[in-house]
Every structure is written in C-alpha cells, then in structure tokens.
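Undergrad: Submitted below is the structure of interest, expressed as structure tokens.
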Amino acid sequence: MNFKKLCLVLTLLVVGIIHQLNAEQWKKTDPLGRPTYVEGEVLVKFKKGASSHQIQSTHQKLGANVISTFFATHKKDAIIYRIKIKQGQSVEEAVNEYKSDPQVKYAEPNFIYYLQATPNDTHYNKLWGLHNTGQIVNFVSGTTDADIDATEAWNITTGSSSVIVAVIDDGVNGGHSDLTDNMWINTAEALGVSGVDDDKNGYIDDVVGWDFSESDNSPLNTDNHGTHIAGTIGAKGNNNNGITGINWNIRVMALKCAQTGGGLSDNAIISAINYAVLNGAKVINASFGGPSFSQFHYDAIKAAGDDGVIFVAAACNSANNNDVTPTYPASYDLDNIISVAATDQNDNLASFSNYGATTVDVAAPGVDIFSTVYHHAGFSYTLISASFGSDAAGRSDTVGIRPRGWSTGGTNNTWAVSDSTFTSWPNCIEDSPAVDYQNNTNSFIWCASSMSYIVGSTYTITFKMRYVLESGFDFLRVFIADHTGETGIFVSTITGSSGGIFKNFSINISTQVEKLGKDFVFGFSLYSDVSFPYEGVYIDDVVLTRISPTSVSTYDPWPGTSMAAPHVSGIAGLILAYRPYLTLSELKQYLMSGVDEKSSLTNKMVTGGRVNAYNSLKLLQDNSPSLVSPVNGDTIYASKPPTFRWSAISGAVSYQIMVSSRSDFTNSIINVSSITSAEYTSNVGLTSGIYYWRIRGFKSGGNPLIWSAAHTFSIVAPLSVSDIRVFPNPFKDGDTKYGRENGIVFDNLPQEVRIEIYNIAGELVFEHAKNNTNNRYDWKTVNRNGNKVASGVYVYVVTSESTKEKNKGKLSIIR
C-alpha cells in the first residue's frame, strides 16, 4: 500500500498573525509544489465595536466581496469574514491592505491543509498497540507489553455511548460494519423533518455530522484517513467482527474538512471545532499539523478548552524537534492540547515521528496500526505498493537480501534487493544481483501479504521491468497462488529483452483470481532451461490495485503520528466513560500520569513515556472512593436524613461530599468538606425527588483527589402504618402462592415499627420491634417461644415508633 500517500500529516503553512509577519515571508507553495493558501481569498476578523457600516465600507474601499461568514469560536462572540479579493490583486497585497485598516484585528490568507498520506473480534491479534504479545504485524515482530494495556483497562470499563469524540479529518465512513453502531447521531435531525434545520444549529439535516469542505451533510470519505482513525478510537468491540477500538462503546462524530485528495481550509477547520463543542464532544482528535502559527486556530482551540474540551494533536511526521521547530496545532501553548508522538512495536520512537522535551506531551503506538478502511464500489484502491526503498514508517529495505514483506524460494534462488539500477530511488529487486542467472533456475519471489478475494472485483498488477532473457527459452512469469502456495496460476509470461530500458507492464489478473476463488498472494518466477544464461530481470514500482463492484468494509495497517493520536483520544474516551465529570486539567493529568516511562523516550517529550490506558484508569480508581450506600437506584424514605458511606482512600486525610438534584452538580444541596471518616449523616432534610451524590478525598496539605463516580438515589415520602399490606390472609399451611410456606408478610412498613400479635382472648402471642430497611417483615406464624400458633383468628397491631400511629386488623390461620 502506498503509505506515503495515505499517512496523514497536514502540511500547514500558516502565517503567525500574532507575530505580524509580512506578506513577503509567506511561501506560495510547499516543498511538494502545492499551493499553501486559496488564491483570491483572505480571512478577516474586525475589532469589537466595528459597526456593520464600517465593515461594509472597508470591503467596498478594497473592492472585495464577502463569500461567507462563520464564527471565530463556538462562543459565537466574533465573526470571521471569508473574502473574495478584487481581480488582479494578490493575496499578499489584500492582507496588507486589510491589516492597515484600523478596524481590522486579524487578516490572514485562507490557508490550505494537505493530507499526506480481548474481545472476540476476528483481527484482534493484529492490534499490537492495544495488546502486544510480540506478535508479527506487517512483517515486524514486537516486544511483549509494548502497548497501552487495553485488555487490563477493559476490566475497569469498555467505554460508554454517552462519550462523544469528534474526528476532524477527511471524513469518516460510518457505513463500515465495525463503525456503524458507534457513530454519533444527531437525534434532533434524525427524528426531524427532512430539509429543515430542526435543532436550529445552522446546519440542515446534519444527522451524522457535517462536511465543512463541501458545505453538505455527508461527512463520508474515500481516502480513508479519518475512517482509519475512527476505528482505533471506537470500532465496535466484542461483536465477532474485524477489530475493536479502544472503546467498545462510544460515539464518534464525523467532521469532514478535506475534499477527496485535496486540502483543508482554515474556515472549514475552525467551523468544525465550533460544531464539535456545541454538539457535546469532549475530545477532539486532530491528526494534522504544520510549521506555522495561526491566530484563528489558536482562538478556536482555546475557546474549546474554556468549555472543557481536550484537543489531541499529532506531533507530525518529519522527525523534527518541535522545541526547535514548532509544529501547529500540537505546539500551541494551550492547557487543553495534548501533543502526541509515535512509537513502534518495540517502544522506540518511530523514525518519522517528531518529538520535543517541552512541546510534545506523550507517545502512543503509531507504526503498522491495523484499523478500519472502507472501499467504495467502483473506486480503485491500492492494496500493495513497493518501490524497495523506505516505507512510510521509515524502514528501509537492505541491499543484498530479500525485501521486507516479501518471501523467496525455489531452485537457484538468489532474489534480493539491488541498487545497481532502479526507477524509484534507491533500489529495485533483481533475480541474480551482479551476475547472470544460472541454468536450470526455477526461483520465486512473492509478496507475503495475503490479498482478500472479493467476488467480481477487478485486480490489476503494474510494475516496471528491465530484462535480458534467452528469448523463447527463459521466462519471467507473473503468478498468483493461495497463501499456502499449494495452488498457483501463472498469469503472464515474458521473454527476450527490453532493450536496456525499463518497460511498463499492466496485467489484469481478475480472471485468474476468480478461478482461484480465494484470498491470494502474487509474485514473480524466473525460469531458465539448461543453457545460455543471461543478465536476468530488474523489477521496480510494483503495485496491486482492486476495484470492487460493491462497497467493502475492510482493514489496513498504516503508520504515522496520525495513527498515534487516536490512541490518546481513545484513552481519553475511556477515562471519561469511567469518570464523566472530570475537569479538563484532571483528564489531562491522568492521561499523562499513567504513561509507561521508557528510556528510548527520555528527553524526547514531557512525560518521557508511552500512554497506558490501564495505568490511567487504575490511578483514578486508587484516588477516588467507591460509594457503598446509598448505591445506584436506592430508595430512601424521608422520615430522617440519610447516611452516606464510602470506601476509605489510602493517603486521604479528609473527604468532601456533594449531593445535588442535577447530574452535573451545578446546584449542590449538600456540600460539606473536612469529613474525617468514610461516613456522613446529613443534617439537611431532602424532599421527595431524585438525587446524585459523590465523594472526593484530600491529602495532607489540602491537595484534592478525583471525584468518585456519581450515584443516584430517590427520596420518597415516608410510609405510614396505614399503608401496610398483610398477606396471605387467611394463611394456610403449605400455601405457596406468595413463595412462602410458613409465613405472613407485613409489607410497606415504615422505617421503625413494632408488630404485635394477639389471640382472640386479647393475650399477646408475639411481638417484634423493627428498625426497617426493606419495608417488610415475614412473621413465621410462631409465638414468642418459637412454636407454631394454633389455628384461629388473631389480631395484629402495627405501631409507628416515631408517630405512635397504629394500624389494626384480623388474621386467620388454618392448620
């Protein structure tokens, strides 16, 4: 697969308005020759107090027209104008003219962002970043436990559908079979009227998110970058299908900001950030970055942080020190940003990953990350792309041995990587490096990755080859085979000479794949007869593509800090599922405190470690108490204030309790600190209703620990003795109607009662005083000595100890 194209690192060439750079310092193109901003457009923000007349006058004076407007942040306290400048004027000139206007606060080009490229889930064993047993993934073996300890974390929580993680990217294809159940749905629009903005958020029919690049309600993609990221965060877990995300249950919000194969503009990304915050996302995954500062981005991200949203940003893939050469948004000095580097299967910093002792926070798995991709019907997808140099993870093929991910065999086999010639620098593969092939050769080289067979698909192999073979007697043959190698089919035979040049070959192998009818591998075979050996073959730029007749949910391994960031976003989702009311600073603290420190990462990032989901959750467990009573769903009668009990925390010297009628605790009814035991009885009477309560501890010096999970309980009006029920009446020995053979039930009892039983002569036969906890008492029809009472009529008297109210009635017992 052409990972160089698919691995996302946003090429963000943005002007730092804070530093008021001059227009001539902007570069029109990036190192790949792509434009860095939209020609003919600028973005402008006016100062507070500028009137609509002054704004319109400025536009008219400069001969500009307003294309559209959007809010600078989700707070909707300022507007950014997207401007079409006058014909013949350069973007640089327009920006400088707007900057010179006293009413303008910021003016920037409209910059462009580029995309570079233990459950029962069937591919779970490929998810080394979640559970590393040293398994081989994409032909690379790992180190046991060089992972985020996801399996251990899942013993604490597997996620929650109440947590929303927004993916700002090139879109997410929620139709993937492993993503559908975990995609965010805008219920107001889903249940609303088609063509109507039912939730009044400015976006019509935004049922599954929004495409900010095309301004429509379809945030799907064909390049798969965002789909791959979404799978790491939240592919449905334990569904006997494909993979699992870090969260088995979650809601992934799809926000598309890039056109297929194109870039992301400033206005799209800022609008997406605002949308995410306003629609409940508490985590934003930003697998993009670049070298320059943008004030507009800074403001939008900061405003998101003011609302408690954490912004997870990839550190980028240029192997640079971000302390020296910052990359944004990862290097913005904002409390809500967590910057992520990438590690490989052996806990080493990935060769491509940026780093920074003060500007990069953590590392996460980011090489050969196996996750969701979606192949659309009729689109051509690259399954294998090999040029025998370095891959996107920075791993190089070694001259003189077989290339990485390929196998060799057969008679007189000498296939190896060669640097003697090539079409893509620096290598190719050669059947017999530096010498002529031997007589009686029957050697093979094949790509060891098994290609999935999809009925009716079009498969095409392309490659470039220079060759000298004995014409008509020695051959280079292209073949396919099942993964065992027991069944193979030759699909093309080449002989003779290419005339000293590399020739292009394109071979449709669809008929042969259909004949084989199963997953397959492909490769090349050199055959020679008994005489006249020649120079042989040089092969480069091998590509296998597939066009499917139907859309296919599948999976691929990709590298990049783009793949590392969603591991952190996923862990943030797990933490919020376990403790929904963590503050932003607490969430970031536990993400960073839970890392596994590694010598390979020392002085490379703030924590010196790779994230660990279990460690973060265990720290939360250890620093927040478990609530003992009342537990979720308990009912308490309002006759007296309730008593709250919890487990003690090691190292805590005091506790704080909060009780509220709101789940967010914004109106605390009880808020008491400096409690020195693990129990508290309120002196505040609670009226009937549903309540929430939580506890946190404090260490010596007053340092607070984490709030516990919140539990709910209900307060109901106290029962009266007039509410009691007595059954069965009459009572018969052996009667099993109520599940009891030897008893009469007194139900709906107040909390403290006295039960007395008299015979018909008025003599006290039985009595029982009860501090009631379950509102019922079972009388076994015995007297005070424990002997069964005789048949007859009896009188019961139930007395409330608090009100002295009485309830009397008759009982019949039949023996």
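In my numbering, the protein residues as written are 1431 to 2245. All residues carry an ideal CB built from backbone N, CA and C; glycine is no exception.
Are the region 1992 to 2012 and the region 1664 to 1683 in contact at 8 Å, needing three or more beta carbon pairs?
TA: In short, these stretches touch, since the Cβ pair count reaches three.
Undergrad: Closer than 6 Å by C-beta to residue 2238: which residues in its own chain qualify, once you throw out the five before and the five after it? Chain order, please.
TA: As a working mapping, residue 2238 is identified with position 808 in the sequence shown. Result list for residue 2238: 2227, in chain order.
Undergrad: Note down, in chain order, each residue of its chain lying with its Cβ closer than 8 Å to the Cβ of residue 2034, except the 5 sequence neighbours on either side.
TA: In the sequence shown, residue 2034 corresponds to position 604, counting from 1. 1771, 1779, 1785, 1786, 1787, 1790, 1793, listed in sequence order.
Undergrad: Just checking my contact of residue 1976 with residue 1879 at CB under 8 Å: how many whole Å lie between their CB atoms?
TA: Position 546 of the sequence shown, counting from 1, holds the residue named residue 1976. Position 449 of the sequence shown, counting from 1, holds the residue named residue 1879. Actually they are not in contact, since the Cβ atoms of residue 1976 and residue 1879 sit about 13 Å apart, beyond 8 Å.
Undergrad: Whose C-alpha, out of 2077, 2098, 2083, 2180, is nearest the C-alpha of residue 2138?
TA: As a position in the sequence shown, residue 2138 is number 708, starting the count at 1. Of the candidates 2077, 2098, 2083, 2180, the one whose C-alpha sits nearest the C-alpha of residue 2138 is 2077.
Undergrad: DSSP three-state label for residue 2024, please.
TA: As a first step, residue 2024 must be located in the sequence shown, where it is residue number 594. Coil at residue 2024, not helix or strand.
Undergrad: Nearest to residue 1945 by alpha carbon, out of 1911, 2058, 1488?
TA: One-based indexing of the sequence shown puts residue 1945 at position 515. That would be 1911, whose Cα lies nearest to the Cα of residue 1945.
Undergrad: By the three-class DSSP mapping on this structure, what secondary structure does residue 2049 have?
TA: For the purposes of this step, residue 2049 is taken as the residue at position 619 of the sequence shown. The answer is helix: DSSP assigns residue 2049 an H, G or I state.
Undergrad: Taking the alpha-carbon positions, what's the residue 1797 to residue 2032 distance?
TA: For the purposes of this step, residue 1797 is taken as residue 367 along the sequence shown, with counting starting at 1. For the purposes of this step, residue 2032 is taken as residue 602 along the sequence shown, with counting starting at 1. The alpha-carbon atoms of residue 1797 and residue 2032 are separated by roughly 19 Å.
Undergrad: Would you mind sorting residue 1398 into buried or exposed? The rule is 16 or more other CB atoms within 10 Å of its CB.
TA: Outside the modelled stretch of the chain, which goes from 1431 to 2245, sits residue 1398, for which no answer is possible.
Undergrad: From the DSSP output, in three-state form, read off residue 1725 for me.
TA: By one-based count along the sequence shown, residue 1725 stands at place 295. Three-state result, residue 1725: helix.
Undergrad: In angstroms with no decimal places, state the Cα-to-Cα distance between residue 1441 and residue 1535.
TA: Mapped onto the sequence shown, residue 1441 falls at position 11. Mapped onto the sequence shown, residue 1535 falls at position 105. Low local confidence applies: a pLDDT of 30 at residue 1441 is under 50, so the model's placement there is unreliable, and no value is given.
Undergrad: Per DSSP, which one or two residues make a beta bridge with residue 1988?
TA: For the purposes of this step, residue 1988 is taken as residue 558 along the sequence shown, with counting starting at 1. Residue 1988 pairs with 1799.
Undergrad: I'd like the list of long-range same chain contacts for residue 1650, defined as Cβ closer than 6 Å, with 5 residues on each side in sequence excluded.
TA: In the sequence shown, residue 1650 corresponds to position 220, counting from 1. Closer than 6 Å at Cβ, skipping near neighbours: 1601, 1603.
Undergrad: Determine the contact status of residue 1932 and residue 1970, defining contact as a CB-CB distance below 9 Å.
TA: Counting from one through the sequence shown, the residue named residue 1932 turns up at place 502. Counting from one through the sequence shown, the residue named residue 1970 turns up at place 540. Contact: yes.
Undergrad: Can you give the Cα-Cα distance for residue 1457 and residue 1642, rounded to whole angstroms?
TA: Within the sequence shown, numbered from 1, the residue matching residue 1457 stands at position 27. Within the sequence shown, numbered from 1, the residue matching residue 1642 stands at position 212. Distance between the alpha carbons of residue 1457 and residue 1642: 25 Å.
Undergrad: Given a threshold of 16 other Cβ atoms within 10 Å of its Cβ, counted over all protein chains shown, does residue 1743 qualify as buried or as exposed?
TA: To locate residue 1743, count along the sequence shown from 1; it is residue 313. Buried.
Undergrad: Would residue 2089 and residue 2118 be called neighbours here (beta carbons separated by less than 9 Å)?
TA: Within the sequence shown, numbered from 1, the residue matching residue 2089 stands at position 659. Within the sequence shown, numbered from 1, the residue matching residue 2118 stands at position 688. No, these two residues do not count as a Cβ contact at 9 Å.
Undergrad: In whole angstroms, what is the alpha-carbon distance linking residue 2176 and residue 2149?
TA: The residue given as residue 2176 occupies position 746 in the sequence shown. The residue given as residue 2149 occupies position 719 in the sequence shown. Each residue's alpha carbon lies about 13 Å from the other.
Undergrad: Please list the terminal residues of the continuous beta strand (DSSP E) segment that includes residue 1829.
TA: On the sequence shown, residue 1829 is found 399 positions in, with the first residue counted as 1. No beta strand (DSSP E) contains residue 1829, which DSSP labels as neither H nor E.
Undergrad: Under a Cβ-count criterion, where at least 16 other Cβ atoms within 10 Å of its own Cβ denotes burial, should residue 2252 be classed as buried or exposed?
TA: There is simply no residue 2252 to check, as the chain begins at 1431 and stops at 2245 in what is shown.
Undergrad: Could you work out which residue in 2209, 1607, 1674, 2092 is closest to residue 1804 when comparing CA atoms only?
TA: On the sequence shown, residue 1804 is found 374 positions in, with the first residue counted as 1. Measuring from the Cα of residue 1804, the nearest candidate turns out to be 1607.
Undergrad: What are the start and end residues of the beta strand (DSSP E) that includes residue 1890?
TA: Locating residue 1890 in the sequence shown gives position 460, counting from the first residue. Unbroken beta strand (DSSP E) run through residue 1890: 1888 to 1898.
Undergrad: With a CB to CB cut of under 6 Å and the five nearest residues on each side skipped, what residues in its chain are close to residue 2116?
TA: For this step, residue 2116 is matched to residue 686 along the sequence shown. 2145, listed in sequence order.
Undergrad: Output the distance between the C-alpha atoms of residue 2189 and residue 2224, rounded to the nearest integer angstrom.
TA: Here residue 2189 refers to the residue found at position 759 when the sequence shown is read from its first residue. Here residue 2224 refers to the residue found at position 794 when the sequence shown is read from its first residue. Cα to Cα, the separation comes out at about 5 Å.
Undergrad: Along the chain, where does the beta strand (DSSP E) that runs through residue 1662 open and close?
TA: Indexing the sequence shown from 1 puts residue 1662 at position 232. Looking at the DSSP string, residue 1662 is not in any beta strand (DSSP E); the run it does join, the alpha helix (DSSP H), is 1655 to 1664.
Undergrad: To which residues does DSSP link residue 1793 through a beta bridge?
TA: Reading the sequence shown from its first residue, position 363 is the one you call residue 1793. Paired residue(s): 1771, 2040.
Undergrad: Is it a yes or a no for the region 2050 to 2060 touching the region 1810 to 1820, going by three-plus beta-carbon pairs under 8 Å?
TA: no
Undergrad: Drop a sphere of 10 angstroms on the beta-carbon of residue 1807, count the other beta-carbons inside from all chains shown, and report buried for 16 or more, exposed for fewer.
TA: Numbered from 1 along the sequence shown, position 377 holds the residue referred to as residue 1807. Exposed.
Undergrad: Can you tell me whether residue 1408 is helix, strand or coil according to DSSP?
TA: Limits of the chain in this structure are 1431 at one end and 2245 at the other, which puts residue 1408 out of reach.
Undergrad: Roughly how many whole angstroms lie between the Cα atoms of residue 1501 and residue 2030?
TA: The residue you call residue 1501 lines up with position 71 of the sequence shown. The residue you call residue 2030 lines up with position 600 of the sequence shown. So the alpha carbons of these two residues sit roughly 43 Å apart.
Undergrad: Decide if residue 1594 is buried, meaning its Cβ has at least 16 other Cβ atoms within 10 Å, or exposed.
TA: Walking along the sequence shown from the start, residue 1594 turns up at place 164. With 16 or more Cβ atoms within 10 Å of its Cβ, residue 1594 is classed as buried.
Undergrad: Give the DSSP bridge partners of residue 1649, in chain order.
TA: For the purposes of this step, residue 1649 is taken as residue 219 along the sequence shown, with counting starting at 1. Answer is none; residue 1649 lacks a bridge partner.
Undergrad: Do residue 1508 and residue 1597 have their C-beta atoms closer together than 9 Å?
TA: Stepping through the sequence shown from its first residue, residue 1508 is reached at position 78. Stepping through the sequence shown from its first residue, residue 1597 is reached at position 167. No, the Cβ-Cβ distance between residue 1508 and residue 1597 is not below 9 Å.
Undergrad: Closest to residue 1755 by C-alpha separation, out of 1562, 1731, 2010, 1722, would be which residue?
TA: Translated into the one-based positions of the sequence shown, residue 1755 becomes position 325. Closest option to residue 1755, Cα to Cα, is 1722.
Undergrad: Using the Cα positions of residue 1671 and residue 1681, report the straight-line distance between them to the nearest angstrom.
TA: Residue 1671 sits at position 241 when you count from the first residue of the sequence shown. Residue 1681 sits at position 251 when you count from the first residue of the sequence shown. CA-CA distance, residue 1671 to residue 1681, rounds to 18 Å.
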